[in-house]
Every structure is written in structure tokens, then in C-alpha cells.
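**Student:**
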Amino acid sequence: MDRRVAITGMGVITRDAPDLDAFRQVLGQGGNPPGLPCQFDSTAFRSKLGYPTDPEKTARLLDAALRRHGEVLAAQPSDAEAACAANGLLAALDAVARAGLDAATLRGAGCAIGTTSGGMMDSFADLMETDSPDALAQVVAPASAVDILARVLGLSGPLCSFSCACISSLAALSYAFARIRSGDVDIMLAGGSDRMREADFAGFNALRAMDRDSCRPFDETRNGMMIGDGAAILVLEEEQAARARGATPLAWLSGMGLATDSHHITSPNPHGLTRAMQQALAQARRAPGDIDYVNCHGTATPLNDVAEAEALRAVFGSHRPRPMISSTKGSTGHLLGTAGAIETVATVLALQTGDAPVMTTTHTPLETGFPLPLSGADRRIGGRIAMKNSLGFGGLNASLILERCPETEAR
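With my numbering applied, the sequence shown has no gaps in its numbers, which climb one by one up to 411 at the end.
(1) How big is the Cα-Cα spacing for P323 and S375?
(2) To test your reading of the DSSP string, which unbroken beta strand (DSSP E) runs of 3 or more residues are found completely within the segment 248-322?
(3) According to the neighbour-count rule (16 or more other Cβ atoms, all chains shown, within 10 Å of its Cβ), is T364 buried or exposed?
(4) Excluding five sequence neighbours on each side, which residues of the same chain lie with their C-beta closer than 6 Å to the C-beta of T347?
(5) Work out the CA separation of Q76 and R107 for me, nearest whole Å.
(6) Here's the rule: buried if 16 or more other CB atoms are within 10 angstroms of the residue's CB, otherwise exposed. What is G31?
(7) Which residues does DSSP list as the beta-bridge partners of P365?
(8) For R313, which residues of its own chain have a beta-carbon under 7 Å away from its beta-carbon, when the five flanking residues on both sides are left out?
(9) Count the other C-beta atoms from every protein chain shown that fall within 10 angstroms of the C-beta of P406, then say buried if there are 16 or more, exposed otherwise.
(10) Buried or exposed: which applies to R222, given that a residue is buried once 16 or more other Cβ atoms fall within 10 Å of its Cβ?
(11) If you reduce the DSSP assignment to three classes, tell me which class S214 lands in.
(12) To the nearest angstrom, how far is the alpha carbon of G159 from that of G110?
(13) State buried or exposed for H297, treating a residue as buried only when at least 16 other CB atoms are found within 10 Å of its CB.
(14) What residue range is occupied by the uninterrupted beta strand (DSSP E) comprising I233?
(15) Where does R181 sit, in a helix, a strand or coil, going by DSSP?
(16) Where G183 and A284 are concerned, what is the direct C-alpha to C-alpha distance, given to the nearest angstrom?
(17) To test your reading of the DSSP string, which unbroken alpha helix (DSSP H) runs of 4 or more residues are found completely within the segment 149-206?
(18) Is it true that the CB of P270 sits closer than 7 Å to the CB of A300?
(19) From Y51 to V5, what distance separates their C-alpha atoms?
(20) Taking only runs of the beta strand (DSSP E) that begin and end inside the segment 12-76, which ones reach a length of at least 3 residues, in chain order?
(21) Take the Cβ of N397 as the centre, count every other Cβ of all protein chains shown within 10 Å, and call the residue buried at 16 or more, exposed below.
(22) Please classify A259: is it buried, with 16 or more other beta-carbons within 10 angstroms of its beta-carbon, or exposed?
(23) Could you pull out every residue in the same chain whose Cβ sits closer than 6 Å to the Cβ of F23, ignoring the five residues on either side in sequence?
(24) Find the nearest neighbour of M256 within the set P302, P321 and S174, judged by alpha-carbon distance.
(25) Using only CA atoms, which one of I233, M196 and R151 lies nearest to A176?
(26) In this structure, how does DSSP classify D424 when only helix, strand and coil are distinguished?
(27) Give the DSSP-derived three-state secondary structure of E403 in the structure shown.
(28) Distance check for I187 and A241, CA to CA, integer angstroms please.
(29) Assuming G392 contacts C166 (C-beta within less than 8 Å), just tell me the rounded distance between them.
(30) In the DSSP output, what is S390 paired with across the bridge?
(31) Going by DSSP in three states, A112 sits in which element: helix, strand or coil?
(32) Assuming R320 and D355 make a contact with CB atoms under 8 Å, what is their CB distance in whole Å?
(33) Take every Cβ of the segment 334-352, pair it with every Cβ of the segment 187-197, and state whether three or more of those distances are shorter than 8 Å.
(34) Suppose the cutoff is 7 Å on Cβ atoms and the five residues either side in sequence are ignored; what does the same chain contact list for L372 look like?
(35) Between which two residues does the alpha helix (DSSP H) harbouring S331 extend?
(36) In or out: R404 buried (at least 16 other Cβ within 10 Å) or exposed?
What follows is the structure, given as C-alpha cells:
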């Protein structure tokens, strides 16, 4: 018999939200406008703005969190490790605290992290001058963020890092979900962690995938994304083990789907996402009519939003009423490999409150046939089952199903 997977803790950091409580407010208010990165000079780029965290502020927050939650640490991170994995460590410590995990229980957990480039730093020239291969590996390997998190928290369960474009953190959640369902482990920390890098910023500018002013998902005038950075970590547990230690699930993760359309590196074919959604529904033993809300990938690029709407119509087209859909990227920016995890947290919060996150940057909605939670519009999602979708360059697609636990209060 399949073991039920519960979400018992969540932690986030974005530019405008240093913790889960602040993130809940951002989603309800629609976020703030993008700004200039402080990590590098972006003035020479076509698109200059984004949603970058401030590394100095994050370092201060992490230092305070390490002191506050020192009882669960197995080791202190070095300065290089802290700089490399600051976002992920900060989100993980908050998630662990909110889940009520003690050190002994935490030690048996595993970890799966999705990322675009791990903790890689841009100052490769300086790093290459080091005489220590170990020091170099600490901060430039794509898996460095998950390795550092596991060492600092003393985790002994399954460990894996995913870097598969913008579905990376949903792939990490899928891995964690499978490990718990199969009985390999009772607890997994899973999600995403990224840092703003000039190389990433330059790459998306070169692709002309970034808007100059704002991200407007599912808007007729949409013209691209706004990238950001941060982290989102979720504590996944086998439900009975979680209840035995007195934890109350925030939501159940009941189905996952992964599919590739193998069509084009930047032009998605809707058939791939359609298959991923159908797989997630089948695994969750749910029908399309059971879904009340879909948190979309919604990058505001001309091609993505149309392809995603076509896939949604293929799955939900014959069902009435159709689920409300939205994208939170107009509020948070596109967190690249971390996007799926941060938006999974947003979906859990929507299930708890019964309100979809407001879309303040979308003013002239694209005709999709699905209701959008625009400013001033009804945002009630009505039910207790939601879907989260992610798409990635190269034709990668992921979907998951979340279900609200009736006894859970928002916290």
C-alpha cells in the first residue's frame, strides 16, 4: 500500500520575503516592482531589472538563524559554505523549525534540492587560485548547495541534486516523494535554492526572454520574464510518522508527473505538459474535475503562456467549472530552478486561505477560458485540491497535485 506523503514545514526566502509569514503577505498584496541587482552592474544589459536578494542582508539573516536554531545543527558552515548556500540554509532552518523537527529525528532525513547553478560563484578566477581542491569543490560544484545543507544538518538519508532548467525543484520534490512512498525514508527536505549570477542574467538577456519593465503573466501585452533568486524548502514526511510525533500536516502531496516534449529548446509543445498533468492526476487518483486551482508556470513569455493555456484546455477543456489559474511570477520574479518549489509553497498557502494569489501586473488578460485572480476580482478557489505546473527549456515539464488537510489552520 502506498504511503501517504504530508508537507509538515515550509521555509522561503525571496527578495521581498525573508520568511514564510512575509511571503504570505507578498502573495496577498501582489509584490513590489523589480529593481536593480546589487551583486553586479546591470546597466549595460538590455533588461536591467529583476528580483535579486541582497547577499549581505541574507548573510545577516542566516547568522541569526544559525544561532536561533543551533540545537538542530550538526556542524557550522564555513564562510565559503555559508555564502554559497545561504538561501537554501536559511529556508531549510525555517522549514525544520516550523515542522517541529528535533535534532535526533532530523538526522535520519534525506535531502533533494533543485537549482540552476548550485552555489556557483562568478569569481572563478579568484577561486582557481586556491591551493585547496576541497575549498574549490565547496562552492562551485552544481551539487554544492545540497551537500552543504546535508553536512550542516547532519542528514543521513537519500541525497540528490537536480539541475534540469526550470523544473529542477519539482524534480527534486518528485524524487523526495518517491523515496518516502517507497519506504526508503520517512522524512525528506526538498525544494530549490539559487543565487543571482551575472552569467544567468546575461544569458536570459541574450535570449531576449526578459521584459524591461515588469512580468505580466497571461497578459496580451506580456513580453518576458523577470528573473530573481532565493530558496524554498519543504519538509515532506510519511503521514503516520508525522502524526506519531505530533505534527499536523499542512497539505498532502498526492501525485507527480514528469514528461518531455522534445520539441524545441525555448518553444514548448503543449503535449509534454498535457502528459505531465495527466500522470499527476492518475497517480493522485483524481479527475480533472477535482482540481480547484492551478498554479501555472506563467513566465509571461509570448510562447510559454500560449502553450501552457493550450495544455490546460486539453486536460480541463470539457469540465465546468474550470479551475482558477494564476502565476505568481509577477510578484516574485522567476526564480529559475527554484521556481517550482517557491510556487508549491504559494499553492499550499492558497489551499490554506482559500484565496489564489493576486495578479497585480496582469491588466489585459489573454483569452484562456480560465478565470484569473486579478486585482479586484474574486480570488476564492472554493475547494481543497490544487495542481502546480512547471516548464523548462529543452521541453521539460512537471506537474504535482496538492490536497488541503481539513484540520489544518494556516500557520
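Glycine included, each C-beta is placed from N, C-alpha and C at the ideal position.
**Tutor:** Walking through what the data contain:
(1) Taking the first residue of the sequence shown as position 1, residue 323 is located at position 323. Taking the first residue of the sequence shown as position 1, residue 375 is located at position 375. Rounded to whole angstroms, P323 to S375 spans 18 Å at the Cα level.
(2) 251-260 and 293-295
(3) Position 364 of the sequence shown, counted from the first residue, corresponds to residue 364. Exposed.
(4) Here residue 347 refers to the residue found at position 347 when the sequence shown is read from its first residue. Closer than 6 Å at the Cβ level, and outside the excluded window around T347, lie N295, A386, K388 and L402.
(5) As a working note, residue 107 is residue 107 in the sequence shown. As a working note, residue 76 is residue 76 in the sequence shown. Distance between the alpha carbons of R107 and Q76: 15 Å.
(6) Counting from 1 along the sequence shown, the entry for residue 31 is found at position 31. Buried, by the Cβ-count rule.
(7) For the purposes of this step, residue 365 is taken as the residue at position 365 of the sequence shown. BP columns for P365 point to D219.
(8) Counted from its first residue, the sequence shown places residue 313 at position 313. Counting only Cβ-Cβ distances below 7 Å, and skipping sequence neighbours, we find G369.
(9) Within the sequence shown, residue 406 is the residue found at index 406, counting from 1. Exposed, by the Cβ-count rule.
(10) Working through the sequence shown from its first residue, we reach residue 222 at position 222. It is buried - the Cβ of R222 has at least 16 other Cβ atoms within 10 Å.
(11) For the purposes of this step, residue 214 is taken as the residue at position 214 of the sequence shown. Here S214 sits in coil by DSSP.
(12) For the purposes of this step, residue 159 is taken as the residue at position 159 of the sequence shown. For the purposes of this step, residue 110 is taken as the residue at position 110 of the sequence shown. Reading off the sequence, residue 159 comes out as Leu, not Gly. Each residue's alpha carbon lies about 6 Å from the other.
(13) Here residue 297 refers to the residue found at position 297 of the sequence shown. H297 comes out buried.
(14) Translated into positions along the sequence shown, residue 233 becomes position 233. From DSSP, the beta strand (DSSP E) with I233 extends over G230 to E238.
(15) Taking the sequence shown and counting its residues from 1, the one referred to as residue 181 is at position 181. Note: R181 maps to helix in three-state DSSP.
(16) Taking the sequence shown and counting its residues from 1, the one referred to as residue 183 is at position 183. Taking the sequence shown and counting its residues from 1, the one referred to as residue 284 is at position 284. The straight-line gap from Cα to Cα measures roughly 18 Å.
(17) 168-182 and 198-206
(18) Within the sequence shown, numbered from 1, the residue matching residue 300 stands at position 300. Within the sequence shown, numbered from 1, the residue matching residue 270 stands at position 270. Their beta carbons are not under 7 Å apart, which means A300 does not touch P270 by this criterion.
(19) Position 51 of the sequence shown, counted from the start, is the residue given in the question as residue 51. Position 5 of the sequence shown, counted from the start, is the residue given in the question as residue 5. Those two C-alpha atoms are separated by around 32 Å.
(20) none
(21) For the purposes of this step, residue 397 is identified with residue 397 of the sequence shown, where counting begins at 1. Buried is the call here.
(22) Translated into the one-based positions of the sequence shown, residue 259 becomes position 259. Buried, since its Cβ has 16 or more Cβ neighbours within 10 Å.
(23) Counted from its first residue, the sequence shown places residue 23 at position 23. Here the set comprises V12 and A17.
(24) Walking along the sequence shown from the start, residue 256 turns up at place 256. Residue S174 is the option with its Cα nearest to M256.
(25) For the purposes of this step, residue 176 is taken as residue 176 along the sequence shown, with counting starting at 1. The residue with the shortest Cα to Cα distance from A176 is I233.
(26) For the chain, the structure presents residues 1 to 411; residue 424 sits outside this window and is missing.
(27) Taking the sequence shown and counting its residues from 1, the one referred to as residue 403 is at position 403. Looking at E403 - three-state DSSP - the assignment turns out to be strand.
(28) Sequence index remark: in the sequence shown, residue 241 carries index 241 (1-based). Sequence index remark: in the sequence shown, residue 187 carries index 187 (1-based). Answer to the nearest angstrom: the Cα atoms are 9 Å apart.
(29) If you number the sequence shown from 1, residue 392 lands on position 392. If you number the sequence shown from 1, residue 166 lands on position 166. Rounded, the Cβ-Cβ distance is 4 Å, consistent with contact.
(30) Mapped onto the sequence shown, residue 390 falls at position 390. BP columns for S390 point to A398.
(31) Indexing the sequence shown from 1 puts residue 112 at position 112. Three-state DSSP puts A112 in a strand.
(32) Taking the first residue of the sequence shown as 1, we reach residue 320 at position 320. Taking the first residue of the sequence shown as 1, we reach residue 355 at position 355. At roughly 22 Å, the Cβ-Cβ gap does not stay under 8 Å, so R320 and D355 are not in contact.
(33) yes
(34) For the purposes of this step, residue 372 is taken as residue 372 along the sequence shown, with counting starting at 1. Answer for L372: F218, I325, S326, M359, T362 and P365, listed in chain order.
(35) For this step, residue 331 is matched to residue 331 along the sequence shown. From DSSP, the alpha helix (DSSP H) with S331 extends over K329 to T332.
(36) Residue numbering aside, residue 404 sits at position 404 when the sequence shown is read from its first letter. Buried: at least 16 other Cβ atoms inside 10 Å.
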